[in-house]
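Have a look at the structure below before the remarks.
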């Protein structure tokens, strides 16, 4: 119906225009700015590829990027292993407490990154409770927990694991658990039923979860700044530096573009590898077809 | 037997996740009431950290700015997201999958990128200075995606025949919306508002780049953290955690009762 189409676009357009102007265009603009240069905090329109040349030739940046990639990979995998049983339990055995149990996993996320890192520093840092307790009982403190990449990794998992639980849970919500009974009747052991039924039918949720954890971890700076110590700096720390003390916005834009390009590539790779809408149970009710 | 085992294992993992998530929060709350914040054992209760937090005007200014950013973002995001979610669920039009993808896209962009790109774009092309307004606009992109998700999940069970019935009996579209749709879906809209309010209120990385020199609670906390933790920060963290959980509690009650209402009227 013509009227429906008109009403649809009238409802959608304000938000779509807003997102295009304040999200899509800014993201595209940093691609342009990354080919300019900066002089005393001013962007100057002189087209060049020096920013990218520096990023490639200076091994420091590559090293930080690799470190961030490894960190994001590990944190995603740990979150994945952690979130699956949790989401499975809530979806299957949560009963009428499903919503409470899920909200309890997501609630800390809404208190913000800084406060969560503050809280973690109280636990993991050199004067954190773990090391203070060890000292008080006359034991060696655990170096790995103080200002190290391990501490950053724990912190990043702490920050983003709620996303993984949420994504897998939403997928499991539309999963028909009776299928497992069918598998059982046909003689499949529980782990076999999981590998052949539950996992493949919820791959889209898993893929979305991985991407939702990987992308912010790859770009993270606050966590490593406060938990990672002097050798724990990540790509995000160097990136935010370009917009702080040094004021090299054009170079920072190039770093941002690299980050964005990698994020898109990861979305593509993860999707091809495990996501697959057709075979998966993830649908938002009312949105299918 | 084996199924029971796996259920026990899953329960244990769920419990360890809750401990992992909540131990740091509870410990911060505990420390915020202790005289000695480094080794607060045996406990020695005090309210002095809260007093010194209260005495610092900069935190009051930060609270005001954070509230402004939260409310501004919440209003924009819940409004835009509700309109889009209604459109996507109600009208089976070609292109709605694309629209849904656009509204969810901000979830897949890291905060730093939203922060720096809107900083540069607003300053160089739109001529907007760094202030609370710019921070609201930048936060609202990300928050809209969350709000969209919340409304979509809630309205998936809404029966649009109710609206059609109202129209058949002669109600205009706006009367239908305000007298039929909104009274039924407002818990979902309010939920979207709370979630986007909290995201923006507590956001550091998007706000920071767009604020100029304006302080908010997260940027103040971040500044404190850089100079070694001061004890007011524990009090601040405890208060904000308390407020977040209070709001989520309200939200939960609303979602529950809101759901019941929708189901009851339809069936």
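Chains as they are written, first to last, in our numbering: chain A, 1 to 289; chain B, 290 to 556. Cβ coordinates follow ideal geometry from the N, Cα and C atoms, glycine included.
Residue 493/B and residue 507/B have their C-alpha atoms spaced approximately 6 Å apart. In this structure, 8/A is the residue among 220/A, 8/A, 82/A with its C-alpha nearest to the C-alpha of residue 388/B. With respect to the C-alpha of residue 485/B, the residue from 471/B, 537/B, 511/B, 465/B having the closest C-alpha is 537/B. Within the segment 246 to 270 of chain A, the residues whose Cβ lies closer than 8 Å to any Cβ of chain B are, in chain order, 249, 252, 253, 256, 259, 260, 263, 267. Among the CB atoms of chain B, one or more fall inside 7 Å of the CB of residue 29/A. For residue 11/A, the nearest beta carbon of chain B is closer than 7 Å to its own beta carbon. For the segment 184 to 198 of chain A, residues whose beta-carbon sits nearer than 8 Å to a beta-carbon of chain B comprise 189, 190.
Apart from the 5 residues on each side of it in sequence, residue 50/A sits with its Cβ closer than 8 Å to the Cβ of 37 in its chain, given in chain order. For residue 203/A, the number of other beta carbons within 10 angstroms of its own is at least 16, and it is reported as buried. Between the C-alpha atoms of residue 133/A and residue 490/B there is a straight-line separation of about 34 Å. Counting only the Cα atoms, residue 206/A lies some 28 Å from residue 376/B. Following the DSSP letters along the chain, one finds residue 39/A in no alpha helix (DSSP H) but inside the beta strand (DSSP E) bounded by residues 37 to 39.
Considered as a whole, the segment 6 to 57 of chain A harbours 37 to 39, 42 to 44 as its complete beta strand (DSSP E) runs of no fewer than 3 residues, in chain order. Nearest to residue 256/A by C-alpha distance, out of 16/A, 11/A, 18/A, 27/A, is 27/A. For residue 191/A, the enclosing alpha helix (DSSP H) begins and ends at 190 to 193.
The alpha helix (DSSP H) runs of length 4 or more contained entirely in the segment 147 to 202 of chain A are, from start to end of the chain, 149 to 173, 178 to 185, 190 to 193. For residue 423/B, the closest of 371/B, 362/B, 533/B, 524/B by C-alpha to C-alpha distance is 362/B.
The C-alpha of residue 274/A is placed about 26 Å away from the C-alpha of residue 187/A. Beta-bridge partners of residue 122/A (DSSP): none assigned.
Restricting attention to 449/B, 308/B, 343/B, the CA atom closest to the CA of residue 381/B is found in 449/B. If you ignore the 5 residues before and after residue 503/B, its C-beta comes within less than 8 Å of the C-beta of 354, 419, 420, 421, 424, all in its own chain and listed in chain order. The C-beta distance from residue 106/A to residue 223/A rounds to 19 Å, too long to fall under 8 Å, and the pair is not in contact. Only exposed fits residue 136/A, as fewer than 16 other CB atoms lie within 10 angstroms of its CB.
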